[in-house]
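Worksheet: one structure, shown below.
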Amino acid sequence: LTVGLPGTIDSSTVSANPSGKKIILQGTPVGANSDWLSADQSKGTTKLSKFTGGVGQVFAGVIAADTDVTAGDADVTIWFDNVYLRQNRLDSTVVT
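So in the UniProt record's numbering, spot 66 of the sequence shown is number 66, and the numbers just go up one at a time.
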């Protein structure tokens, strides 16, 4: 089962194409430097960027549709598998 949730793409992390547009393509894996589902969004939006697997980056899911972020950050739908939700409910010793 795949679930879609809202997220915000950090436009500063997207490179412009030859036409000068900053487009993040459908299916692009994205992540954040924190667990975006558990973060307290009242303290500021957790912005997502292209997932690189770098140290400290947490996988969030994939972009549901091509999104233009040329004019700034944009709200998107993030698809992810429900296994992630179940993993959040496990005891930390089980996850590691």
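The C-beta atom is built at its ideal place from N, Cα and C for all residues, glycine as well.
Sorted by chain position, which residues of the same chain lie with C-beta nearer than 6 Å to Gly56's C-beta, five sequence neighbours on each side aside?
Only Asn33 meet the Cβ criterion.
Applying the criterion that 16 or more other CB atoms from any shown protein chain within 10 Å of the CB defines a buried residue, is Val60 buried or exposed?
Residue 60 is actually Ala in this sequence, not Val. Of the residues assessed, Ala60 falls on the buried side of the cut-off, its CB having 16 or more other CB atoms within 10 angstroms.
Counting only the same chain and skipping the five closest in sequence on each side, list residues whose C-beta sits under 8 Å from that of Lys21.
Here the set comprises Asp68, Thr70.
Tell me whether Thr46 is buried or exposed, calling it buried when 16 or more other Cβ atoms sit within 10 Å of its Cβ.
Result: buried.
Which residue or residues does DSSP assign as beta-bridge partners of Gly61?
DSSP lists Val30 as partners of Gly61.
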